[in-house]
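J.: Residues in the sequence shown are numbered consecutively from 16, following my numbering.
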Amino acid sequence: MSWHRLRRLAAVVVAGSCVIIAPTTPAHAGPLPAVSALYPGAGMEILGDDPSICTAGFVAHNQRGAPVLFTAGHCDTGDTAAVNSAADGRLVPAANFVVSQYAGNAGNQTDVAVMSLTGALQLDPNIAGHLPVTGFASSVAEGMWLCKVGVATGRSCGRVVEASSSKVKFAADIAPGDSGGPVYGLKDDGTAFAVGITIRASSDDGLPVAELIGPWLDKWNLSLN
């Protein structure tokens, strides 16, 4: 499966341009944890004829200063992502897909998307609503300690076992629904640096694979926070 989507919205302008993937189809709207803000790690239901669940990734800003949200490209199965609002206990449309890429050879697909925000929910750029993000990794090496947050498995961490110029595989948990969630490292000052977004479980050992975020920040002229 492959596709490229590019759309332009008035508030957001983005320039440029077998494996196990991990969205999951919801049985009903209830599985998503209720949140009071949209943050990296929040669960999202992708609305449409074939709804699925993914996880919100890092918050970035375009050249106009408008906030956008990363997630996985294969999560783009509909126009809108909704979250379970704690304020009224219902699904609220929170983001719309602007650009997504999911293409390439099986096991090495480009898999990334950016969404504009509806403003229906407060935006919190901190991972899981509490961990500040201060920068991103320009490179990743084997042995680095990384963590991820996903709506299905929560937070889990482990060492990098394989890395390339676009992907990283590391020893942590992954389950359907975790796709799109933030992958990050920790700094000595207690803040996080962005590494990528969860895109799938590796077909050979089931470990999570992430798309590195750095190349896409550059390609789409985006900045973190």
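We treat Cβ as the ideally placed atom computed from N, Cα and C, and that holds for glycine.
Starting from the C-beta of H76, find all residues in its chain whose C-beta is less than 6 Å away, skip the five residues before and the five after it, and write them out in chain order.
T.: Only P82, S238 meet the Cβ criterion.
J.: Count the CB pairs spanning the region 120-136 and the region 225-233 that are closer than 8 Å, and state whether there are at least three.
T.: The answer is yes - the region 225-233 touches the region 120-136, with three or more Cβ pairs under 8 Å.
J.: Got a sec? Which residues, its chain only, sit under 6 Å from A152 by beta carbon, not counting five neighbours each side?
T.: Counting only Cβ-Cβ distances below 6 Å, and skipping sequence neighbours, we find F208, V210.
J.: Around the Cβ of K184, are there at least 16 other Cβ atoms within 10 angstroms (buried) or fewer (exposed)?
T.: Burial call: buried.
J.: Leaving out five residues before and five after L53 in sequence, what residues of the same chain have Cβ atoms less than 8 Å from its Cβ?
T.: Result list for L53: A71, L84, V98, A109, A110, L132, L136, Q137, L138, D139, in chain order.
J.: Quick one: is H89 buried, meaning 16 or more other Cβ sit within 10 Å of its Cβ, or exposed?
T.: Its Cβ being crowded by 16 or more others within 10 Å, H89 is buried.
J.: According to the Cβ coordinates, are A186 and R174 closer than 7 Å?
T.: Yes. Within cutoff.
J.: On the DSSP bridge assignment, give the partners of G169 in chain order.
T.: DSSP, once it has assigned bridges, lists G165 as partnering G169.
J.: Could you compute how far the alpha carbon of D203 sits from the alpha carbon of D65?
T.: Each residue's alpha carbon lies about 43 Å from the other.
J.: For Q296, count neighbouring C-beta atoms within 10 Å of its own C-beta (all shown protein chains included) and say buried if the count is 16 or more, exposed if not.
T.: Nothing about residue 296 can be read from this structure; the chain reaches only from 16 to 240.
J.: So if DSSP puts E177 in a beta bridge, which residue, or which two residues, is it bridged to?
T.: E177 is bridged to K184.
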